[in-house]
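Okay, structure first, notes after.
See below:
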């Protein structure tokens, strides 16, 4: 956001056809920013004098100045925080930066600078812009995840997770981004591409660190019941689908090797349909799985290795495509079906992935379309074991997946109850020791190693004698070496490996020569616990003071993009549950409510320099002022909807704000005047508006709140110009309500208005207006009277009038009497208080 002075003129303008002194937006912004900072307006008291509420925005990444997306995301949280403060709550609304990570490192490399220099310069630019944007932030709690004072505790938490068996290393095939030269978690691969840079992701076998998030799969699923009604349904659905809980069975298949012997250990597969085991006709292993290379017969190895090389060039999306030809190679060995002893040929096929399940599946072609396509491509048998009444898949080429009667299934033959069939087979597997009922998940453990410099160092030392040795707590943080002037370009291994002065250390266990771990942590580790640190940012006794967290958390309102539904939101829920089990917090869900904001687009497409449709936030503020931009963003639609900047009007918002400002200048009554004697019609409009906007802001329909305030501004202007006049106390009541409610959206102009109204600064310290129930009850209701379906009369009646009284009044109405002309009445339908329908005989 630029730091230019607004070009908005401050001289006389015409509003509602009359010359008015326009408020000076630039001066107001500077003045009130200084006032809020000097008086600590948005620093919570935290003194038990009021109920607390914690409002949190997903903290920004310092990639440059604020943009239009920030304009929408942060104003929504600000509306919530300001409104809660006006309601009398002690509100904590902190700010910080998610300041480690690849974008800063890549940008610094491109510019020949150091990631720290690039990052902290951007943070200062964004901080100035946040202050300019009028956000009600508590700057006293500011944090940066790349500060050693912060990542000391990230490392401390890593070690505590490791002590609980939740952090471990293993060799595995991992997602590799060839452009960023680092591994990615499954959640960071979107349709086969790196979610950061868009490069096609490949597979590579490496030794990496993981968090055992799978230990918490059931709790991550079950505890969503606590979030229903507070979190968007689509976010909960996305998390449920990602965790992917499936009930079924593990089945053990013996492997007959090429030399006639059996593999020492059977191969375990997972299936949701163990009742179809009699229909297994072949066995498939993922080409990249260790099992394939282990069991392949010598004469088949050349063909297998060529196939594996081709497979490694394909993305997971390509491999999982349903319309892709089903390729594979026979490995020259057989698997033994445990329910009938049948020998099944074993293939390596790329439609099976190594990191899903056990990397091996039984092929049941009659009842699974992918298996059927593979069987037809490789001339394998197809055996139907569930008769659904449909054509035999061996003939039709269409697998049947519905329920029916079991056939060719041994003891299941004749059964038509799927649940009974599954239960019978599981009992048989368990009885014979070749399988068991189980639950499995799509969720995989969280891969957290990154082969890049700008991240939190992993606090482990590798010793030839002691193995993996944790860095003692009193030696934390393990600080990043400076490496200014070093080549930080990605090379497939961490740049830290070349910093020998940093890498070579004495083992904390035996004192011998050892080496530091040179990987850094995924930045999602940093953001999985930052909201706890805000509660006590200077605390030295741990990552946070448990008592501070107990006072402020769980977070009352969290605001951020739906794109984080699986990544950040799932990880921070996992962290919270571990901290609960460690006894550090007494809750296991950190965010009570979640608000997802949409995107700001232009001309129907995402903003892009290459498309020529970018909109500069700073330039928009220079032209229209902060309040007009904030109002435009909020008024454009529901928070979760996208905003097309081509369809909105900051100029229109500015004109509305000028109209509101003029109201405050026109009020002629004194502060504190009793509004009871004022114009009743305007008072009813004011209190109806207050009641409605109070409900609307609770429902997060902020755009409609602005619309209702606009209506009240119009009604008040009418009362001043053609009604009781500016001195009427009802006018002051209406303008004060406008000022306080509008302050959550447009803070600068409403501060000016509040002062014009004769009140002490600041409007942020005022109280949210409360509707008088007596003024919400209408004095009368118009009742329509119909004769033969045509309106023949209108009656002004009490809202609580009874049916008998209303019937009598309707029948006595002169217009109704004329319409009836003395005719007999067949039916009178009364819908008190608004309708009477009379049907003559």
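Residue numbers (UniProt numbering): 1 to 841. For each residue, glycine too, the CB sits at the ideal point set by N, CA and C.
Based on DSSP bridge pairs, tell me the residues matched to residue 489. DSSP lists no partner for residue 489.
Does the beta-carbon distance from residue 365 to residue 380 come in below 8 Å? yes
Residue interval of the beta strand (DSSP E) (run including residue 720): From DSSP, residue 720 is part of no beta strand (DSSP E) but of the alpha helix (DSSP H) over 702 to 722.
Is it true that the CB of residue 435 sits closer than 8 Å to the CB of residue 416? no
Helix or strand or just coil, what does DSSP make of residue 396? Correct three-state label for residue 396: helix.
Neighbour-count burial assignment, residue 621, 16 or more Cβ in a 10 Å radius: buried
Under 6 Å Cβ to Cβ from residue 793, same chain only, skipping five residues before and after it: list those, please. 785, 813, 815, 816
Please identify the residue among 348, 648, 222, 52 whose C-alpha is closest to the C-alpha of residue 557. Restricting attention to 348, 648, 222, 52, the CA atom closest to the CA of residue 557 is found in 52.
Considering just the uninterrupted stretch of the alpha helix (DSSP H) at residue 770, what are its terminal residues? Residue 770: not part of any alpha helix (DSSP H); DSSP gives it neither H nor E.
From this set, 775, 151, 742, which residue's C-alpha is nearest residue 677's C-alpha? Nearest C-alpha to residue 677: 775.
Please tell me whether residue 245 and residue 217 are closer than 8 Å, where the distance is taken between their beta carbons. Cβ atoms of residue 245 and residue 217: closer than 8 Å.
Who are the near neighbours of residue 418 in its chain, counting only those whose CB is closer than 6 Å to its CB and skipping five residues on each side? 403
Which whole runs of the beta strand (DSSP E) in the region 105 to 188 are 3 residues long or more, in chain order? 138 to 144, 167 to 177, 182 to 184
What's the gap between the Cα of residue 464 and the Cα of residue 511? 11 Å
Residue span of the alpha helix (DSSP H) that contains residue 786, given as start and end: Premise fails: residue 786 lies in the beta strand (DSSP E), 781 to 787, not in any alpha helix (DSSP H).
Burial state of residue 845 (16 or more Cβ within 10 Å): This structure gives no information on residue 845, because the portion of the chain shown stretches from 1 to 841.
How far does the beta strand (DSSP E) with residue 250 in it reach, from first residue to last? In the DSSP assignment, residue 250 falls within the beta strand (DSSP E) that extends over 246 to 256.
Burial state of residue 194, where buried means 16 or more other Cβ atoms lie within 10 Å: Its Cβ being crowded by 16 or more others within 10 Å, residue 194 is buried.
In terms of alpha-carbon separation, which member of 445, 444, 430 lies closest to residue 438? 430
Identify, in the order they occur along the chain, each residue of the same chain with its Cβ nearer than 8 Å to the Cβ of residue 45, setting aside the five sequence neighbours on each side. The beta carbon of residue 45 is closer than 8 Å to those of 90 in its chain, skipping five residues each way along the sequence.
Check whether the Cβ of residue 790 lies closer than 7 Å to any heavy atom of the ligand SAM, and answer yes or no. Of the ligands one can find in the structure shown there are none, so the ligand SAM has no counterpart to examine.
Which residues in the same chain as residue 823 place their Cβ atom closer than 7 Å to its Cβ, once the five residues preceding and following it in sequence are excluded? 840, 841
Give me the residue from 584, 762, 293 with the minimum Cα distance to residue 37. 762
First and last residue of the uninterrupted beta strand (DSSP E) at residue 203: 202 to 211
Distance CB(residue 574)-CB(residue 213) smaller than 8 Å: Taking 8 Å as the Cβ cut-off, residue 574 and residue 213 qualify as a contacting pair.
If you measure between the beta carbons of residue 686 and residue 653, is that distance less than 8 Å? no
When the Cα of residue 121 is compared with those of 370, 346, 155, 62, which residue comes out closest? 62
By how many angstroms is the C-alpha of residue 273 removed from the C-alpha of residue 423? 10 Å
Would you list the one or two residues that DSSP bridges to residue 463? 467
C-alpha gap between residue 649 and residue 71, whole angstroms: 15 Å
Could you give the DSSP three-state label for residue 9: helix, strand or coil? A caution first: residue 9 carries a pLDDT of 41, below 50, which makes its placement in the model too unreliable to give a value.
Exposure label - residue 5; buried when at least 16 CB within 10 Å: Bear in mind that the predicted position of residue 5 carries a pLDDT of just 36, short of 50, making it unreliable; the figure below should be weighed with that in mind. An exposed status is given to residue 5, since fewer than 16 other beta-carbon atoms sit within 10 Å of its beta-carbon.
Taking residue 138 as the reference, give the member of 170, 711, 534, 545 with the closest Cα. 534
If we count the other Cβ atoms within 10 Å of its Cβ and call it buried at 16 or more, is residue 456 buried or exposed? Label assigned to residue 456: buried.
Sub-8 Å separation of residue 690 and residue 771 beta-carbons: yes
Is DSSP giving residue 334 helix, strand or coil here? Residue state, collapsed to three classes: strand.
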